[in-house]
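Inspection log for the structure reproduced underneath, given as structure tokens.
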Amino acid sequence: MFATLTALGFVGGISPYNLHEVFLSGVSGKPSLLSQQGSIMTFGQNLTLQCLSDISYDRFALSKEGGHNLPQRLSERPQTGCSQADFLLGRVSLSHGGRYRCYGGHKFSSKWSTPSDPLDILVAGVLPDTPSLSVQPGPTVAAGENVTLLCQTRSQRDILFLSKEGTMVSPLRLRSKYQAQQYQAQFSMSPVTSAHGGTYRCYSSFSTSPYKLSHPSDALELMVSGERHRLCSF
């Protein structure tokens, strides 16, 4: 199966050539695409996307849905058999929001790997509202309890996001419901473990432009006390 990749700019000393077709039938394994800063960015932050693989690719290409010109990079090999490339995209502006993928390639070949899983970059502070975030039954719970984080905004928004600080996992996303004169979504964690502990924030958005977010809610710290260990029965 072949697919067209939007035209890419070329940097890093690679000779330009016409890149028309990307090989998508699994000629080699797909790489991974990460943002060390996480998926949610604010204006002025420096955005770096990292494409890496346990295959020794010679180069990587980055694409963004919507046809933007993006760079191709020579790979680095921090470990034998591994390869990676850092894409420095500069200070975040509204245009950085979107869905990205990367591809691996070898020298003297016009074929590219299957694409990485998509990475969504969301830009916070675009919409003027600031949602609120609360938790039931409370911010300190025992492992094994059921916890619900409630995100609310008075502004008409049909999508709400919940993010956890310090993780590269994409934020959770739910459709809002209008209730008690607010647009809200309930993010359930059942049952909680120590892994759920941490700092959370929520954001609002529109499903028609999901990469443009509101300002973040105030931070909510969830503390989970000792794990409950199931007793063996003989």
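Residue numbers for the sequence shown follow UniProt numbering, so the first one is 1 and each next one is one higher. Using N, Cα and C, we set each Cβ at its ideal position, and we do this for glycine too. The model shown is predicted, which means the values in this text are computed figures rather than measured ones.
Counting C-beta neighbours from all protein chains within 10 Å, is the total for Ala219 16 or more, i.e. buried, or is it exposed? Ala219 comes out exposed.
With DSSP collapsed to three states, give me the class of Leu24. Caution is warranted here: a pLDDT of 44 is assigned to Leu24, below 50, making its placement in the model unreliable, and no coordinate value can be reported.
From this set, Pro131, Ile121, Gly144 and Thr80, which residue's C-alpha is nearest Pro210's C-alpha? That would be Ile121, whose Cα lies nearest to the Cα of Pro210.
At what residue ranges does the region 106-132 contain a whole run of the alpha helix (DSSP H), taking only runs of 4 or more? For the region 106-132, not a single whole alpha helix (DSSP H) run of length 4 or above is found.
Nearest to Thr167 (by Cα), restricted to the options Gly29, Val147 and Leu34: For the set Gly29, Val147 and Leu34, the Cα lying nearest the Cα of Thr167 is the one of Leu34.
Along the chain, where does the beta strand (DSSP E) containing Ser188 start, and where does it finish? Ser188: member of the beta strand (DSSP E) spanning Gln182 to Met189, first to last residue.
Proximity below 8 Å, CB of Thr148 to CB of Gln136: A contact, by the Cβ cut-off of 8 Å.
Would you call the region 48-59 in contact with the region 100-118, where contact means no fewer than 3 C-beta pairs closer than 8 Å? Yes, since at least three Cβ pairs between the region 48-59 and the region 100-118 fall closer than 8 Å, the two stretches touch.
To which residues of the same chain is Lys177 closer than 8 Å at the C-beta, ignoring the five residues directly before and after it? Only Tyr183, Gln184 and Ala185 meet the Cβ criterion.
Threshold first: 3 residues or longer. Then list the beta strand (DSSP E) segments lying entirely within the region 26-53, N to C. The region 26-53 is shown to contain whole beta strand (DSSP E) runs of 3 or more residues at 32-35, 40-42 and 46-53, in chain order.
Per DSSP, what kind of secondary structure is Ala195 in: helix, strand or coil? Helix, per DSSP.
Ile40 and Ser163 look like a contact to me (Cβ under 8 Å); what is the Cβ gap, rounded to whole Å? Cβ atoms of Ile40 and Ser163 come within 8 Å of each other, at about 6 Å.
Applying the criterion that 16 or more other CB atoms from any shown protein chain within 10 Å of the CB defines a buried residue, is Val169 buried or exposed? The residue in question, Val169, is exposed, as its Cβ has fewer than 16 Cβ neighbours within 10 Å.
Cβ neighbours of Ala85 in the same chain (closer than 6 Å, five flanking residues each side left out): Counting only Cβ-Cβ distances below 6 Å, and skipping sequence neighbours, we find Cys51, Phe60, Arg73 and Ser75.
Secondary structure of Val11, DSSP reduced to three states: With a pLDDT of 33 at Val11, under the threshold of 50, the modelled position of this residue cannot be trusted, and the question is left open.
Are the CB atoms of Gly125 and Thr42 within a distance shorter than 8 Å? Taking the C-beta atoms as reference points, Gly125 is found nearer than 8 Å to Thr42.
Under 8 Å by Cβ, that's how I've got Pro139 and Leu160 pegged, so tell me the actual separation to the nearest angstrom. About 19 Å separates the two Cβ atoms, so there is no contact after all.
Helix, strand or coil at Leu213 according to DSSP, with G and I counted as helix: Leu213 falls in the coil class under three-state DSSP.
Check whether Leu89 and Cys202 have beta carbons under 8 Å apart: Between Leu89 and Cys202, the C-beta gap is not smaller than 8 Å, which leaves the two residues out of contact.
Comparing alpha-carbon positions, which option in Phe187, His215 and Ser32 lies nearest Pro115? Cα-wise, what sits closest to Pro115 is Ser32.
Best match in Val123, Gly81, Ser113 and Arg91 for proximity to Arg99 [C-alpha to C-alpha]: Among Val123, Gly81, Ser113 and Arg91, the Cα nearest to that of Arg99 is on Val123.
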